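All you need for the numbering used here is the position in the sequence shown, starting with 1, plus 31. Glycine included, each C-beta is placed from N, C-alpha and C at the ideal position. Keep in mind it's a predicted model, so treat the numbers as computed, not measured. Some notes on the structure that comes next.
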Amino acid sequence: MKLYYLKGACSLVPHIALEWIGQPYEAIEATREFIKTPEYLALNPQGAVPLLLDGDFALSQNVAILSYLDDLYPDAQIFGSKTVQDKAKAMKWLAFCNADLHKTFGAFFHQPAYAEGNETLIQQIRQATAEKILTLLSIADDHLARHLFLGERISVADAYLYTILRWCHLIGVDYSDLRNLVAFYQRVGQNAGVQSVLKQQGLPV
Ligand SMILES: N[C@@H](CCC(=O)N[C@@H](CS)C(=O)NCC(=O)O)C(=O)O
32 MKLYYLKGAC
42 SLVPHIALEW
52 IGQPYEAIEA
62 TREFIKTPEY
72 LALNPQGAVP
82 LLLDGDFALS
92 QNVAILSYLD
102 DLYPDAQIFG
112 SKTVQDKAKA
122 MKWLAFCNAD
132 LHKTFGAFFH
142 QPAYAEGNET
152 LIQQIRQATA
162 EKILTLLSIA
172 DDHLARHLFL
182 GERISVADAY
192 LYTILRWCHL
202 IGVDYSDLRN
212 LVAFYQRVGQ
222 NAGVQSVLKQ
232 QGLPV
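Shown next as structure tokens:
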């Protein structure tokens, strides 16, 4: 099993899952240039990470990869539980992170063409984006006031939210008023699998 990743990107989530599973795997650091080469695009035409290779089988998209790994290794309980309803709850939070939270970061990482050269507009877009991110994060913060993790036990949904909080630090979205999330970030960061992956990717623990 091979996983292509970009340092600190959303591919951190399946990398953590592979570490929790504990079976041999190879994590390959890609560059932004490499994921646009014909060789890589033949495996993932979207030119993005994560990409999982299981022999000849190539799979992109976080949710698909995590669900595939869960089906292959159910005992690892990467969704935090084996019960249908508990797994569904973790899946709901995974979707919240992957489909709703993740995409709001686009305005930070890729500014729209119409804003090019207009610094005032770029700042306004970033301000509005930060507010949207904080509104979504406050929903998770509220849930974490009553729970240690998003699901019943630590799961890939937590790994995703943790990855997103790292992006907040990187781009300066200050969520320090969301006290439950601050504690959550510390808690997930202490997990042995998470620490091992941060070390492998050369990221600060
Ligand atoms: N929906 C996709 C999103 C993948 C994605 O946005 N990957 C980013 C890193 S977080 C990427 O590879 N960006 C490089 C690029 O688009 O050039 C998934 O869940 O796998």
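Original post:
Glu183 by DSSP, collapsed to three states: which one?
Top reply: Note: Glu183 maps to coil in three-state DSSP.
Original post:
Would you call Val225 buried or exposed, if buried means 16 or more other Cβ atoms sit within 10 Å of its Cβ?
Top reply: By the 10 Å Cβ count, Val225 comes out buried.
Original post:
Straight-line CA distance for Lys33 to Thr151?
Top reply: 43 Å
Original post:
Are the Cβ atoms of Leu82 and Ser91 separated by less than 7 Å?
Top reply: By the CB criterion at 7 Å, Leu82 and Ser91 fall inside the cutoff.
Original post:
Is any heavy atom of ligand 1 found at a distance shorter than 6 Å from the C-beta of Ala48?
Top reply: no
Original post:
Distance, Cα to Cα, Asp208 vs Ala138?
Top reply: The C-alpha of Asp208 lies about 23 Å from the C-alpha of Ala138.
Original post:
Considering Phe110, what are the terminal residues of the beta strand (DSSP E) in which it resides?
Top reply: Element bounds for Phe110: n/a, residue is neither H nor E.
Original post:
Skipping 5 residues on each side, what residues in its chain have a beta carbon closer than 6 Å to that of Ile202?
Top reply: Phe139
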